[in-house]
Structures are given as C-alpha cells and as structure tokens.
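Residue numbers (our numbering): 35 to 460. For each residue, glycine too, the CB sits at the ideal point set by N, CA and C. Below is one structure; the comments refer to it alone.
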C-alpha cells in the first residue's frame, strides 16, 4: 500500500512539474499573431470599439499571469482618427483569482497613453464604454495603475474649443471597475500645471457616482475642492454638488503650501454640464474672524460657442486701509492716501479672460475716516481695465454720485466717462 501511494505521489508531482515547465517555456512557442487577435477581440468587446495591437506582444503565466503589448490603438468614431493610443500597456495579475474567473491586477502600467474625447452638440460623450457582450465590472480589481506622460484632448463641438490635458503622471486604484476609485498625480490643463487628487464611491444602482476632486495649480496660490454626484442623463454627462476654494500660503515647515486661515475663501453649490457652469449660491469671505468681510451671490459661466459669465453679489462693508488706520491715524490720511488705497483695491481685482458682467452691491466702503455708502456697480472686463456700465454711491455730505465710462487699471489709474454729483449738504 505504501509503495502504491509513493508511486501516486511521484506521478502527481511529475505532472505538476511538467505543467509548471510548460507554463514557463510555452510563451516562446505561442503563435503571437493568434494571441494578439484574441486580445483584440476581447478588448473590443469590453470597450465596444475596435482594438488593434500594432506592435509586439509578450505573456507569462508564472510566477504570475503577465502580459505586455506595444503600440495599442483603439479606433475612434471617424476612420483614421483613433480614440486612444498607448505606446506600451502591461499588467500583472494574481494567479488564484484568475483561476476562479476573477481578475485582480496588482500592477498595471500605461506609457504615453493619448486619448481623444468628443462631446457632441447635445452633450453626448462618444467615449462612454459600450460593451458588445455581457461584462461584469465588479469582477476586476485594480490595486495599482501607473500612467506615465499621458494626454487627453477633449473636443467640445458646442463651443468649437478643445481642452488639452497633458503631462499626466499619476497613479490610481479601484476596488472594482464600478468603484470606489482613488487617483492622484500631476498634469497640465491648457498649459497650466497642477496637482490633482480624486476619489469616488461605488457606482449606484441608478448609475450615479459620488466624486470628490481636489486641484491645486502650481503657479497660483489657491486650492479648489469639489464634492458631489456625477451621472449620465441619456448620454449627457452632469456633475453637481458643493465647492470650496481657499487661498494658500507657504507652509510653516517651509515645505509646500497650506491654507491661509485669514485668506480669501469661497464656498457654494454648483451644477456643471457641457454648456453651463451654474453657481446657484456662493459665499465669499476674507480676513480673520475678528475682521471678517463676507459677500453672497450667484454666478454662471456659459460654455457654448459664445462663452460668457455673470456674477451678482451683495457684500458687507469693506475697509481698505486695515486696522492700523483706525482712530487718529485714520483721520490723518490725506486725500492722496485715500485715493491710493482705492487705486490699489481696484487694480488688484481679478479680470476674467472671457466677456461677462459683474454686478455688486455694498453697504459701505471705509477709507480712513471717510465712509462711502450704498455702492452699486455693474461692469464688464475690457482690455485695459473695466467698462463701467453704471456706478452709484452716497458720499459724505449726503452727496449722491453716479457715473459710467472706462476705468483703466494701468499706470496711472484713470477714468474716461461721465459722472453726476448731487450735493445735498455741502
């Protein structure tokens, strides 16, 4: 009996050794043309569009399943215009889940992926995956995906503009293709470098996905965080939720940047689609809690063929000269000093790059011991400053001021237009 068991173990052991040897040696004898064809067929079924491997292919089973392809092309909507190209695609998977019909990819690498996305007039995104065969995204896990030198070109047919995302160097992971996802890295948006992190929840039964994005441009001192729900209505992509924007300052440790506690901050609610960014409500605040300035309002940015913006805000009073000018020091300010404070304030106002309208109502502006009340301004950005459609205020001495014209914010600050003064108490 013992001899028979020994012979059985030897036979089984020999079969295992033969199987392992075949797994190690077989890749040298595989018909790669047939293997590439199988990959192209299955990948095409998952993506819902033609996939071609125009370069080389390599595969291994041990010590873990591993494949590498070069020059991968995913066909686009128009002949000769690929939707995506990848210089090199490779992945390593766990063997045990693979044998039971699941795919746990513990390392995937995409070198120089280049994607082109078309957004139609009706908001249809032509890169939405449309599998041509049943596919369960929850059977695929991505533990680590590395993207090197990637690029995405987003063509908006409604506006005729193209958004260029380049220099993508990032890592991402996903519990399953249905989420949750985590992404972090750097990229450039239309030439502006920034750091970006994003995370999502799991795909809901209604197709919605919770998404949180944090973006920090390298050249500008602010951090933007959005959090909300992304979904498709038909084939139109929508994203809505809340946002927070904070100015940044150098970190106390001397490394990196941190939120400036007394800096500018804006928060509110937004809704974004392919045609419009609507901010139904926002709150702007600046300064410390002891000397807080706030304003509330609404805004919208039209993203169509004729982009424009509109901002309406009602604010609290503004003190232009700071706490050091309170009391006796305030009353000692000369007219030139008060005008200089106003000039600095106007010159520092950010000027949008697209046409639009800003309408602001303020209860008061304080310059030293001078208070200007009931300020109302409606203006549009111009090449050299602001085109003031109308401005009105109540000056000291019950003086009512109205005006319109061109305000130049260059050196020197100047105004070319018409003004009306009604002095009720000289």
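- According to the DSSP assignment, residue 319 belongs to the beta strand (DSSP E) that extends over 310-320.
- The C-alpha of residue 258 lies about 45 Å from the C-alpha of residue 456.
- Nearest to residue 405 by alpha-carbon distance, out of 431, 388, 422, is 431.
- Here DSSP, grouped into helix, strand and coil, assigns residue 265 to strand.
- Secondary structure note for residue 137: its beta strand (DSSP E) is the uninterrupted segment 137-153.
- Following the DSSP letters along the chain, one finds residue 98 in no beta strand (DSSP E), marked with neither H nor E.
- For residue 419, the closest of 410, 440, 308 by C-alpha to C-alpha distance is 440.
- For residue 344, same chain residues with a beta-carbon under 7 Å away, outside a window of 5 residues either side, are 333, 334, 390, 391 in chain order.
- Distance from the CA of residue 112 to the CA of residue 291, rounded to the nearest whole angstrom, comes to 45 Å.
- For the 8 Å CB-CB criterion, residue 243 and residue 230 do not form a contact.
- DSSP places residue 76 within a helical segment (H, G or I) once states are collapsed to three.
- Between the segment 176-195 and the segment 204-212, the count of Cβ pairs shorter than 8 Å is three or higher; the stretches touch.
- When secondary structure is reduced to three states using DSSP, residue 216 falls in the strand class.
- As computed with DSSP, residue 126 is found in a beta bridge with 100, 141.
- For residue 298, the closest C-alpha among the options 80, 398, 318, 103 is that of 318.
- Counting the other CB atoms within 10 Å of its CB gives residue 155 a total below 16, which places it among the exposed residues.
- Counting along the chain, residue 244 sits inside the beta strand (DSSP E) bounded by residues 243-251.
- Note on geometry: alpha-carbon atoms of residue 306 and residue 89 lie some 40 Å from one another.
- In the displayed model, residue 351 falls within coil according to three-state DSSP, outside both helix and strand.
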